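Participant: Structure incoming, see below.
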Amino acid sequence: MRKLLKGISILCVFVLLIMATACTEKPAETNAPAATTKEAAAETTAEPVDTGDDLIVVGFAQCKADESDWRMANTASMQETLSEANGYKLILADSNNDAAKQVADVQGFIDQEVDYIVIAAVNMDGWDTVLSSAKEAGIPVILMDRTINASADLYTCWVGSDFKAEGVKATDWISTRFTADDEVNIVNLQGQLGASAQIGRSEALEDAIAANSNWTLLAQQTGEWSTDTAKEIMASWIQQHGDKINVVYAENDNMADGAIQALEEAGMKVGGDDGVAIISFDANRAYLQMTLEGKINCNVECNPLHGPKVAEIIQTIESGGSPAKVEVVEEAAFYYDTITQAIVDARAY
Amino acid sequence: MSKTKNLQNPPSVIMTGIGKSFPGVRALNQVDFKLRRGEIHALMGENGAGKSTLVKVLTGVYPMDEGKVRLDGVPVVIRSPQDAQKHGISTVYQEVNLCPNLSVAENLFLGREPRSMGLIDWRKMNLKASELLQKLNISANPTAQLDSYSIAIQQMIAIARAINTECAFLILDEPTSSLDADEVNKIFTLMRQLRDNGVGIIFITHFLEQVYEICDRITVLRNGELVGEYEVDKLSRFELVTKMMGKEIENLSELSVDRDESRFQGEEPIIEARALSSGSKKVAPFDLKMYRGEVVGFSGLLGSGRSELVRTVYGADKPVQGQFFIRGKNVRIRKPLDAMKQGMAYLPEDRKVDGIFPELSVRENIIIALQAKTGMFKRIRRKEMEKYADQYIDLLNIKTANIETPIKSLSGGNQQKVILARWLLTNPEFMILDEPTRGIDVGTKTEIQRLILKLASENKSIAFISSEMDEMIRTCSRMVVMRDRHKVGELTQGNLDQSTIIRTIAGGDNEDGAV
Amino acid sequence: MKMGLFNDRKGPAMLSPSAGKKLLNNRLIFSLLVLMVVVVQNIITTPNFFEITMTNGLLSGYIPNILDEASELIIVTMGMTLVIAASGGVDLSVGPIMAIAASFCGLLLNGSEYRTDVYHSPYFLAILFGLVGAALCGAFNGFLVSRLKIQPMIATLILFTAGRSIAKQITHGQTIYIMNPTYKWLGVQIPGIPIRTTILVSIAIVILVVLLVKLTSLGLYIQSVGINGSAARLVGLNSRVIKFMAFVICGILAGVAGLVSSSSVGSVNSGELGLSIEMDAILAVALGGNNLGGGKFSIAGSVIGAYTIQAITTTLYAMNVRADQLNVFKAIIIIVIIVASSEVFKEKVNRLFRHITKKNVPVGGLSDERQ
Amino acid sequence: MRDSKKTTISASSPLGKRSGLSNTGILLLITVSLFVILYVSSTILFKDSNFAKYSVFFNLINNKAYLLMLALGLTVVLITGSIDISVGSVTGLVSMVIATMLSSQSNISAIWAIPISLLIGVAFGIVQGYLVSYMEIQPFIVTLSGLFFARGMISVINPKSVPISDKLFMSWSSAKVYIPFLYNERKNGTMDVAYLTPAAITAIAVLIIMIIVMKKTKFGRSLYSVGGNPQSALLMGVNVKRIKFMAHVLCGLLAGIGGLLYTLFAPSGNPQNGYGYEIDAISSSVIGGVMLSGGVGLPIGTLFGVLINSLIERVVPLLGIVDASWPRIISSAFLFVFIVLQSLFASAGHKGSFKPVLPQWMRFNLKKKN
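Protein chains in written order, with this note's numbering: chain V, 1 to 349; chain F, 1 to 515; chain R, 1 to 371; chain Y, 1 to 370.
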């Protein structure tokens with residue numbers, strides 16, 4: 001055993017040696033171009049020194065690339081926009097909804113000295129340490145879609161949706177549908193608790209309920225963004241409250257889908273002018289279709305196509321400018337009575 | 001020389017009137033045992049004689065039902081092996097009871113590792129271990145993992161461990177069963193050394209040569225009862241085997257056996273083995289012919305290879321060499337199913353480990369072999385199953401609440417009958433019965449013996465193994481004798497009497513040398 | 001009423017004579033007790049518990065709901081029961097296998113489109129394809145366990161971690177929506193039949209498994225291999241093949257559950273299908289009084305175990321317990337059941353009882369079946 | 001990469017002589033070599049990604065300090081032949097409790113986070129250990145319930161993301177202990193000095209303690225003996241039940257420490273924290289050479305298991321695979337290779353035909369007394 005440990009320590013030394021040689025090689029390799037590009041860099045100021053080719057390396061820490069249709073569209077948008085053809089090299093790290101892994105991924109980007117870091121945060125909190133490392137290493141950080149609780153000087157800017165504004169669009173629609181005398185009984189299928197989309201959308205609803213005395217929140221539970229869970233919860237609500245429910249406020253498309261199925265299977269009329277009003281968010285193609293069919297009354301868009309905006313910001317920084325701290329992507333809301341087939345077909349995701 | 005020197009010591013361990021029962025079996029009945037310091041005391045007896053039970057009672061593995069134990073005159077109650085160790089009684093079992101994943105040194109010192117500053121001092125431990133190993137002449141590296149050594153070495157290490165504790169009494173429960181002559185000699189050297197240091201050793205073995213080489217006294221047990229205590233020099237091998245096997249044929253109705261070998265003249269043997277042997281040297285190449293309608297006994301002491309031989313025939317141990325013929329056709333038996341398809345049946349020696357499915361019902365235990373033979377998709381209909389089960393419960397007089405009772409709640413004898421029923425149901429032409437009467441009551445024994453003869457008269461061929469000589473003599477028409485994993489003889493007609501058999505098994509008094 | 005039905009097709013464990021003591025020794029009794037408590041609790045709190053109404057051509061109400069929601073779990077539990085009985089280990093990969101099966105099916109129906117009304121290939125072919133995919137996954141697990149002798153839990157860990165990603169690859173990384181109404185036949189309703197198809201499928205699967213176990217000798221083989229491998233070999237059984245088959249069957253059944261689940265939501269989302277169902281299935285088997293160490297098993301027990309878990313879940317939902325807090329209650333109830341039915345606990349209770357009554361019973365008194 | 005792999009395969013061809021290395025040793029050696037090969041080849045393959053930097057290497061430890069704790073805990077219980085799948089949820093629970101405790105409303109000192117996290121872990125360990133060893137309930141079911149319970153309790157305590165605002169705790173979290181002389185120059189000319197976080201230092205300290213405990217204490221050796229052959233261990237005077245119980249308590253304690261280190265690394269409470277970490281911990285232990293059948297494994301191996309885990313996480317995004325689901329398939333493939341290797345060794349070792357595996361020059365333990 002002793003000898004074995006000795007062997008292992010020899011191996012460890014071996015690793016360090018390899019690292020050391022690799023380290024000494026590296027400067028020798030990059031010294032010459034570095035010297036030349038330094039002059040060039042002096043001319044074109046903000047241009048970061050590349051490692052050979054001219055691609056801008058972007059590290060993208062996605063929270064969970066295949067979490068939902070929305071997220072998939074979001075990932076795809078980044079991959080398409082920041083392609084090598086467009087002069088970027090995108091390194092996608094999928095943290096699979098693991099906050100610690102995401103922090104490690106970002107730390108990895110810093111160690112690998114990427115040019116930009118884009119983060120779609122799993123968790124709002126706990127970012128200070130790693131973001132100060134990024135700042136120290138001089139790497140601009142762009143936050144995407146989800147906000148974080150960190151001091152504003154730690155990141156360059158935030159791109160994304162205003163979730164509360166989305167929620168307000170939805171509650172506005174509810175107030176147009178019902179008069180002040182109507183009894184409005186709402187059930188709320190929440191997203192993953194703690195996600196900023198859930199917080200924003202729930203907040204908007206809770207504010208609206210507080211403001212309207214005729215609105216009641218019958219039940220509120222997390223469907224964890226999932227069709228299946230939402231369906232199960234909805235079925236249990238139908239058992240409890242029956243026909244009283246007249247508004248379902250589902251915080252994403254998948255959960256709205258689950259709720260609709262539960263309602264339909266219980267024989268209740270869904271959507272349209274006289275059915276249970278269904279509110280959904282995200283507005284993916286499949287659900288815009290459902291909006292067109294009248295099953296979803298109001299589908300508030302949550303634009304996943306952040307790629308172009310991010311590219312725009314990077315270009316701004318590259319050319320020496322500084323982007324605005326908050327860059328909100330444009331979002332619309334779609335209503336069952338105004339949506340057209342053309343809108344659905346135009347949707348890319 | 002020193003052999004008799006310590007015989008005069010007063011007994012230090014005195015066990016009197018020991019009784020112990022297990023469900024369905026009376027394992028020990030009023031057994032007395034004495035052990036002196038500085039002697040090597042052989043504990044002899046065939047299967048089920050109660051040797052292991054006696055030892056386990058002494059070491060606190062089993063609580064005894066009745067009886068007393070005195071150590072140096074003081075009555076003691078030993079509750080656990082640890083307790084026994086505190087009283088200076090250490091045990092080495094047949095299966096190595098060490099941890100295969102630890103190093104040799106650790107196995108020697110586990111629980112009493114040398115320490116410095118509260119931490120295990122490996123250097124010191126390895127040093128002490130290698131000293132100990134050297135002293136005992138065991139060639140093992142203290143730092144190597146235990147399972148990198150052969151079972152023999154592991155066994156020696158186990159003895160070394162037992163010795164290393166401050167032990168006054170050492171129990172060696174068949175430690176030599178897997179060792180070769182050289183290693184046995186080493187252990188003997190060790191044992192003598194210990195004896196001369198005043199350690200009392202209980203030595204359990206099946207090898208007579210070893211008993212006569214090293215032991216001072218012999219205590220013989222049979223069927224859970226004490227036969228007697230003898231001094232080695234005053235008991236011949238012949239007498240010993242006689243005492244172990246039981247001389248008096250119990251007063252049972254006479255069974256008649258046709259021993260006329262000539263009736264098989266010109267007939268085709270149902271089974272023929274030519275130089276067959278199994279892997280891992282469990283049994284040396286052997287020839288064997290068996291005919292329809294005969295019962296062939298396989299005798300020899302435990303560990304002589306008698307079970308291994310039949311296991312090889314059945315394919316339970318994979319045959320590696322030789323040729324095998326069934327009804328004159330050369331076949332290869334790779335696994336038990338092959339043998340079953342050729343009309344063989346095998347009632348295993350160890351009912352618990354290889355025989356019963358404890359949680360399954362009597363019915364399921366009976367039909368399982370037939371079902372396995374017919375295949376998964378040809379399920380025997382429930383009605384049919386019940387019919388079979390009822391039929392054999394009647395036929396063999398199995399005592400069970402009903403056919404759906406789990407077999408584990410039956411007594412040993414009835415469990416055995418269920419397994420017998422299992423094989424009879426497959427309608428075999430050739431049956432191997434390894435200790436079918438072990439651990440069951442006398443009445444059932446006779447029933448099974450009758451059944452064996454009845455089957456033979458129905459033109460079936462039966463290989464029969466039993467530790468009880470009289471039973472074999474009464475049922476077999478021919479007897480194959482095994483010694484030291486070799487087939488040493490075949491006794492027929494005229495030779496088939498008790499003294500010849502015992503002489504063949506014992507290998508003669510003047511034969512010399514350790515096995 | 002459900003229980004009554006299954007009591008008739010008793011698994012072997014249910015056959016023991018119904019003496020009071022035997023019944024108490026039956027490990028199933030505590031699950032049944034909990035199930036009963038849950039039902040009674042429901043009857044008290046919800047007066048319309050037994051009410052079954054016809055809505056939209058479907059029977060609905062609390063009981064049909066529970067039956068419906070338990071169906072996937074039951075199907076998966078059947079396979080899990082066999083695997084546990086044969087190998088003494090668990091199959092962690094059933095959830096991902098569900099996703100894989102549904103993905104195969106969805107791929108065939110949709111081509112590579114994300115949403116379709118018209119099937120690209122016949123529905124039954126797609127189902128077959130999905131099941132074959134699931135069977136392959138099961139075979140992979142079975143190979144690792146029976147050939148390479150890897151512990152089942154670790155062997156199935158591989159598909160557990162990779163399975164959903166594989167499913168994602170099959171569907172080209174997108175959620176597939178299948179809008180053709182016939183797709184919902186399997187998971188919701190076949191027009192004209194007032195009972196949910198899920199319930200019918202789960203009953204059919206239970207009957208099928210019972211038939212498979214009873215009509216062929218697979219059940220006996222599996223138990224024999226699980227109880228005493230060495231004896232099983234000597235009576236001519238091939239334990240490798242039998243373990244392998246148990247895993248394949250478990251895979252296929254997980255596939256069926258996957259298809260049902262995907263059909264009931266009308267889409268294939270490989271990240272979601274059967275999420276964390278493996279844990280519930282293992283618990284169902286344990287609650288059903290089956291030994292997780294392998295050997296004897298009872299289909300009826302597993303069914304009751306599955307219903308117990310689903311009844312707890314549904315009741316807690318109805319009591320407005322949040323989905324994420326549900327686990328606390330589940331854990332407590334389960335640990336109580338398991339502890340109460342454990343041998344050591346019974347012995348301790350017995351000893352305590354004896355101590356109180358000061359009866360002088362000999363030490364070996366518990367095993368009273370000497371002869 | 002492919003070349004270097006080839007050499008190890010050919011290197012492991014049988015030679016027919018008895019090697020002095022035990023199974024444990026061989027598995028450990030494989031793990032370590034795999035780590036080295038992986039590291040060296042990524043250094044060569046991904047030149048732009050600076051794998052040769054010291055900071056990258058040290059961050060492998062910094063990033064997974066908490067996982068090392070969990071994996072060590074599992075190593076302990078797996079060695080005794082038991083299992084604990086509640087560690088991930090316990091981690092999450094600890095982080096949620098700490099976060100709730102240290103959120104802005106309360107003014108409890110951050111010092112309390114330490115005893116409380118340890119206490120939570122030990123409490124889980126005691127209950128589960130009792131049920132497993134003294135009530136003889138299957139560990140899988142017990143710890144599965146533990147998993148459910150802890151996961152549910154997180155939501156009961158707080159269903160939302162909770163920030164930690166406590167200054168003292170955050171200073172622990174963001175502290176870096178720089179390692180002198182180990183630095184590289186960044187592209188922009190600044191110095192990138194390798195560092196260890198307090199969490200990593202704690203983890204390394206615990207690792208060292210564990211190595212000593214496992215190697216040099218009676219308790220540690222008893223763990224191995226219980227896992228190797230409980231029957232023998234009992235006969236050799238080991239209190240098997242107590243040792244199993246203690247193993248679970250130790251595992252709980254390590255999970256508690258793991259939770260604390262996790263919270264230092266990602267300082268916030270979230271219902272999702274620690275989800276699925278039990279699987280990561282098990283696979284790290286298995287990759288590190290722990291056998292699930294018990295009795296085999298070394299803490300140092302577990303360290304390398306964790307490092308491999310951490311390294312794969314770094315390397316996979318660089319493979320340039322666009323599809324996000326591939327990384328998980330690749331990590332699983334790694335696990336698969338390890339498990340199959342182990343099984344081959346284990347079964348071959350059992351038959352007695354498995355001895356050689358290593359070429360002459362690689363054996364460390366050749367000198368045997370005859």
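C-beta: ideal position from N, C-alpha, C; glycine also. Just so you know, these numbers come straight off a predicted model, no measurement behind them.
Is the distance from the Cβ of M244(F) to the Cβ of P269(F) below 7 Å?
Facilitator: On the second sequence, position 244 is the one that residue 244(F) refers to. On the second sequence, position 269 is the one that residue 269(F) refers to. Not closer than 7 Å, so no.
Participant: Would I227(R) pass as an interface residue toward chain F - the criterion being a Cβ-Cβ separation below 7 Å?
Facilitator: By one-based count along the third sequence, residue 227(R) stands at place 227. So yes, I227(R) belongs to the interface.
Participant: Any Cβ of chain Y within less than 7 Å of the Cβ of N86(V)?
Facilitator: Here the question's residue 86(V) lines up with position 86 in the first sequence. Not an interface residue.
Participant: At least one CB of chain F closer than 7 Å to the CB of L253(R): is that the case?
Facilitator: Your numbering for residue 253(R) matches position 253 in the third sequence. Closer than 7 Å: no.
Participant: According to a CB-to-CB cut-off of less than 7 Å, which residues of the region 88-112 of chain F neighbour chain Y?
Facilitator: Of all residues in the region 88-112 of chain F, those with a C-beta nearer than 7 Å to a C-beta of chain Y are N97, L98, C99, P100, N101, L102, E106, L110 and G111, reading in chain order.
Participant: What does V56(Y) touch in chain V if you count any residue whose Cβ is under 7 Å from its own?
Facilitator: Taking the first residue of the fourth sequence as 1, we reach residue 56(Y) at position 56. Within 7 Å Cβ-Cβ: D111.
Participant: Pull up the CB-CB distance for Q223(R) and G295(R), whole angstroms please, since I reckon it's below 8 Å.
Facilitator: Position 223 of the third sequence, counted from the first residue, corresponds to residue 223(R). Position 295 of the third sequence, counted from the first residue, corresponds to residue 295(R). 6 Å between Cβ atoms; contact.
Participant: Take L28(R) as the anchor and find which of G187(R), T357(R), V303(R) and L326(R) has the nearest alpha-carbon.
Facilitator: Start at 1 with the first residue of the third sequence, and residue 28(R) comes out as number 28. L28(R) has its Cα closest to that of V303(R), out of G187(R), T357(R), V303(R) and L326(R).
Participant: Is the CB-CB distance between N297(V) and A283(V) below 7 Å?
Facilitator: As a working note, residue 297(V) is residue 297 in the first sequence. As a working note, residue 283(V) is residue 283 in the first sequence. Not closer than 7 Å, so no.
Participant: Is the CB of T227(V) under 7 Å away from at least one CB in chain R?
Facilitator: Within the first sequence, the letter at position 227 stands for residue 227(V). Yes, because at least one Cβ of chain R sits closer than 7 Å to the Cβ of T227(V).
Participant: Are the CB atoms of E229(F) and T219(F) within a distance shorter than 7 Å?
Facilitator: Counted from its first residue, the second sequence places residue 219(F) at position 219. Counted from its first residue, the second sequence places residue 229(F) at position 229. Closer than 7 Å, so yes.
Participant: Closer than 8 Å by beta-carbon distance: list the chain R residues that pair up with K373(F), in chain order.
Facilitator: Position 373 of the second sequence, counted from the first residue, corresponds to residue 373(F). Per Cβ cutoff of 8 Å: G236.
Participant: For R478(F), count neighbouring C-beta atoms within 10 Å of its own C-beta (all shown protein chains included) and say buried if the count is 16 or more, exposed if not.
Facilitator: Locating residue 478(F) in the second sequence gives position 478, where the first residue counts as 1. The residue in question, R478(F), is buried, as its Cβ has 16 or more Cβ neighbours within 10 Å.
Participant: Examine chain Y for any beta-carbon lying closer than 7 Å to the beta-carbon of Q498(F), and answer yes or no.
Facilitator: The residue labelled residue 498(F) in the question sits at position 498 within the second sequence. Output row for Q498(F): interface = no.
Participant: So who's on the other strand from H241(V), going by DSSP bridges?
Facilitator: In the first sequence, residue 241(V) corresponds to position 241, counting from 1. H241(V) pairs with nothing; no bridge assigned.
Participant: Run through DSSP, which three-state label would I502(F) get?
Facilitator: For the purposes of this step, residue 502(F) is taken as residue 502 along the second sequence, with counting starting at 1. In this structure, I502(F) counts as helix in the three-state DSSP scheme.
Participant: Between L193(V) and K216(Y), how many whole angstroms is the CB-CB distance? I'm expecting something under 8 Å.
Facilitator: In the first sequence, counting from the first residue as 1, residue 193(V) sits at position 193. In the fourth sequence, counting from the first residue as 1, residue 216(Y) sits at position 216. At roughly 47 Å, the Cβ-Cβ gap does not stay under 8 Å, so L193(V) and K216(Y) are not in contact.
Participant: Any residues in the region 228-239 of chain Y with a beta carbon nearer than 8 Å to a beta carbon of chain F? Which ones, in chain order?
Facilitator: G228, N229, Q231, S232, A233, L234, L235, M236, G237 and V238
Participant: At what residues does the beta strand (DSSP E) containing Y54(Y) begin and finish?
Facilitator: Within the fourth sequence, residue 54(Y) is the residue found at index 54, counting from 1. Run containing Y54(Y): none in the beta strand (DSSP E); it sits in the alpha helix (DSSP H), Y54 to N63.
Participant: Is it the case that the region 166-179 of chain Y contacts the region 23-30 of chain Y, given that we only count it when at least three CB pairs across the two stretches are under 8 Å?
Facilitator: Under the 8 Å Cβ criterion, the region 23-30 of chain Y does not count as touching the region 166-179 of chain Y, having fewer than three qualifying pairs.
Participant: Taking 7 Å as the limit between beta carbons, can you name the residues of its chain near I366(F), skipping five residues before and five after?
Facilitator: On the second sequence, residue 366(F) is found 366 positions in, with the first residue counted as 1. Correct list, in chain order: Y388, A389, Y392, V418, A421, R422 and L425.
Participant: Let me check understanding here. Comparing Cα to Cα, which of V57(F), E106(F) and M385(F) lies closest to G228(Y)?
Facilitator: Stepping through the fourth sequence from its first residue, residue 228(Y) is reached at position 228. G228(Y) has its Cα closest to that of E106(F), out of V57(F), E106(F) and M385(F).
Participant: What is the residue span of the alpha helix (DSSP H) that A197(V) lies within?
Facilitator: Counted from its first residue, the first sequence places residue 197(V) at position 197. Taken as a continuous stretch (DSSP letters only), the alpha helix (DSSP H) holding A197(V) covers S196 to A211.
Participant: Is S435(F) helix, strand or coil when you go by DSSP?
Facilitator: Locating residue 435(F) in the second sequence gives position 435, counting from the first residue. The sequence as given places Glu at residue 435(F); Ser does not occur at that position. It is coil, neither helix nor strand.
Participant: Within the 7 Å Cβ cut-off, does T216(R) reach chain F?
Facilitator: Here residue 216(R) is taken as the residue at index 216 of the third sequence, counted from 1. Yes - at least one Cβ of chain F is within 7 Å of the one on T216(R).
Participant: In whole angstroms, what is the alpha-carbon distance linking N149(V) and M124(V)?
Facilitator: Working through the first sequence from its first residue, we reach residue 149(V) at position 149. Working through the first sequence from its first residue, we reach residue 124(V) at position 124. Cα to Cα, the separation comes out at about 6 Å.
Participant: If the cut-off is 8 Å on Cβ atoms, which residues from the region 159-178 of chain Y count as contacting chain V, listed in chain order?
Facilitator: P159, K160, S161, V162, P163, I164, M170, S173 and S174
Participant: K89(V) bridges to which residues according to DSSP?
Facilitator: Taking the first sequence and counting its residues from 1, one reaches residue 89(V) at position 89. Answer is V57(V).
Participant: Using alpha carbons as the reference points, say which of Q325(R), G271(R) and A331(R) lies closest to G163(R).
Facilitator: In the third sequence, residue 163(R) corresponds to position 163, counting from 1. Cα-wise, what sits closest to G163(R) is G271(R).
Participant: In chain order, what residues of the same chain have a beta carbon less than 7 Å from the beta carbon of I260(V), not counting five sequence neighbours either side?
Facilitator: Within the first sequence, numbered from 1, the residue matching residue 260(V) stands at position 260. Contacts found: V270, I278 and K295.
Participant: How should P299(Y) be labelled, buried or exposed, when 16 other C-beta atoms within 10 angstroms of its C-beta is the threshold for buried?
Facilitator: Taking the first residue of the fourth sequence as position 1, residue 299(Y) is located at position 299. Answer is buried; the Cβ neighbour count reaches 16.
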